[in-house]
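One structure is given below, encoded as structure tokens.
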Amino acid sequence: MLANLLLLAAVSLAWAAGYLFVGAADQGVPPITATAAISLVAAGVMVPGVWLLRRPWLQPLRRRPWVPLVMAVTAVAVPNLSVVFAERSVHPDQAAVLGTTVPVATLLLSAFFTRETQLTPRRLVGVALALVGLVIFVGTRNLVQVAEIEGILVMASGGVVFALNGIFIGRQTRDLDETALATWTIIFSVPLLAVAAFVFEEPWTLQPTPPVLAAVVAEGLLGLAFAYLGYYVLVSRAGAWFASLYAFLVPPLGILLLAAVAGRAPTTSHLAGVTVVLVGLYLIHRGEAWGAAGR
């Protein structure tokens, strides 16, 4: 149990740090090019990682090769592009909290479209609290700024796509090795993003600075490779419910990291907003845990 808790904390910390690295990588590098470079770094780490973990490397391709291709778009390309684009107007700490829209969107989609989850009063209260917490965290003054609204909507859209991907994974990948599947997903995302970058952004004209290159490498290693591999290892060890607890940890860790690295101390509205969001997510997940237990 202690090993699972430590892995959960490490995965959450990697995702929280990823928001900082994405913001730094976006300095002077267009979003598609930055995401393609980050995915390339992650793929270079995840391939030997699968071998070291002795996972069935070719199993996903032999059974359903189209699944990682779809996931390359819905789990990597679109969500990461939304984060990279949004952080041009949304601060990393705001991005960390907006990322919690994923479990909220998952709950709503699974309740109204797939009918796999029952929308209980407790979960409705949790959704309402999570949304109120986001408004408190961002601040009503920021909500009236056009650039801020655009960034929030873009990142929220990416979260909805990732939530749809989660439902897709639950239905299509139950008999596939999660670690090998995640690796093939990253691998397939690289050429898709590279082609898009060459078509729309002319990456050959860029001259990124060493700090930007370091941020790309750090995000590829931690925010994508380690976070994805660690998450799927955690799913296999402790189950999807335990692994989903990262959503509770990423927002406060993101704020603490930003305060430590950038010297940007959290405000009262930050702390209040994060608290309300986490309470809302606790109610949502608590309801799911009870449902799984048959209560």
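Residue numbers for the sequence shown follow the working numbering, so the first one is 1 and each next one is one higher. Backbone N, C-alpha and C fix where the C-beta goes; we use that ideal spot for every residue, glycine too. All values reported here derive from a predicted model rather than from experimental measurement.
A direct Cα-to-Cα measurement between residue 3 and residue 244 gives close to 16 angstroms. Here residue 139 carries a coil assignment [DSSP, helix/strand/coil]. Around the Cβ of residue 179, a 10 Å sphere holds 16 or more other Cβ atoms; the residue is buried.
Across the set 268, 11 and 34, the C-alpha of 34 shows the shortest separation from the C-alpha of residue 215. Here the alpha carbons of residue 194 and residue 149 stand approximately 28 angstroms from one another. Between residue 137 and residue 269, the gap from beta carbon to beta carbon is short of 8 angstroms.
Between residue 210 and residue 29, the gap from beta carbon to beta carbon reaches 8 angstroms or more. For residue 230, the enclosing alpha helix (DSSP H) begins and ends at 227–238.
Across the structure, residue 98 and residue 160 are spaced so that their CA atoms are roughly 11 angstroms apart. Between the region 270–287 and the region 123–135, the count of C-beta pairs closer than 8 angstroms reaches three or more; the two stretches touch. For residue 44, the uninterrupted alpha helix (DSSP H) run begins and ends at 31–52, by DSSP. For residue 106, the enclosing alpha helix (DSSP H) stretches over residues 101–112.
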